[in-house]
Amino acid sequence: MADKITRIAIVDANRCKPKRCAQECKKSCPVVKMGKLCIEVKSSDKIAFISEFLCIGCGICVKKCPFEAIAIINLPTNLESQVTHRYTANSFKLHRLPTPRPGQVLGLVGTNGIGKSTALKVLAGKLKPNLGRYDDPPDWQEILKYFRGSELQNYFTKVLEDNLKALIKPQYVDHIPKAIKGNLTVSQMLDSKLELDNKAKMCDDLELNHVLDREVVHLSGGELQRFAIAMSCIQKADVYVLSVSAIASFLTPRSGTCSTNPLPIWTSSSV
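The sequence shown runs 1 to 271 under the UniProt record's numbering.
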């Protein structure tokens, strides 16, 4: 007997528009034609619902959707028991988690929408993992039991007990100037957050020396990214999470190179 295939049915909430289509996904679904509620949608709905349990993975709905809002993804069956987080039905699943280790740099690289930022929010303690149970979220006792025997159990125990400080740099830095009150310069902002004796080194490494006297509101996009990284790295923390959205963010005149959408995590020796 063939192994059971695990499927994820994803419906893009921004693209799915039942009021502007003829519900082609439902009308063309062979499972629906057999009388089963594999796809449920009406013209008055905001989004279609696809039952992953009933879906046979034929892909007809994917081809028929006029807005390209549907994706059916086949996964190895063994991943079904390794779901870390899922926001809603028919949304992506985050399977497993990267493991931060003391004194090491962990980098996540990949295309948009694969869960990098979600994983970092979980590790930074900004998002409680629901283990895929978005309609019945587990408590922390269940979460720690799920990670029992792994390095992540000790990690989340420290997060839960507030024995681990994680500092996360915002992914979208264009909001930073709007959040700053007054016409503060780069140097003034760095001094206001300085907790470590490394301001000079950060400014040198990130090439911010020439903009120290410039007001933050006048920084370019790349300068804002480097400024935001410096603001994070001059503060005391056990884990530094640097979420970067643009390729050009790490492009500097000195190196002349860049990384593709890097999301690094720095950990101190105390984690």
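Note that the Cβ used here is the ideal one computed from N, Cα and C, for glycine as well.
Three-state secondary structure (DSSP) of residue i
i, result
"F156", "helix"
"F49", "strand"
"R20", "helix"
"G221", "helix"
"E207", "coil"
"I229", "helix"
"A200", "helix"
"K169", "strand"
"V62", "helix"
"V11", "strand"
"L54", "coil"
"A246", "Only weak support exists for where A246 lies, its pLDDT of 48 falling under 50; the coordinates are left without a value."
"E161", "coil"
Residue i - containing alpha helix (DSSP H), residue span
i, result
"L144", "W140 to Y146"
"P116", "Note that residue 116 is Lys in the sequence shown, not Pro. It spans K116 to L123 - the alpha helix (DSSP H) in which K116 sits, taken as one unbroken run."
"V83", "No alpha helix (DSSP H) contains V83, which is instead part of the beta strand (DSSP E) from V83 to R86."
"V32", "P30 to K33"
For residue i, the first and last residue of its enclosing beta strand (DSSP E)
i, result
"V186", "Segment V186 to K193 is the alpha helix (DSSP H) holding V186; no beta strand (DSSP E) there."
"I176", "Per DSSP, I176 belongs to no beta strand (DSSP E); it is in the alpha helix (DSSP H), I176 to A179."
"Y240", "V239 to L242"
"V109", "V105 to V109"
"N74", "I70 to L75"
"K93", "K93 to H95"
Distance CB(residue i)-CB(residue j) smaller than 7 Å
i, j, result
"V211", "V186", "yes"
"L167", "S232", "yes"
"K93", "I39", "no"
"L206", "I234", "no"
"D238", "K165", "yes"
"E24", "K63", "no"
"Q153", "L160", "no"
One or two residues paired with residue i in a DSSP bridge
i, result
"F99", "At residue 99 the sequence reads Thr, which differs from the Phe that was named. T99 is not bridged to any residue."
"I39", "I50"
Min CB distance residue i to chain C below 7 Å
i, result
"K42", "Included in the structure is just one protein chain, with no chain C present."
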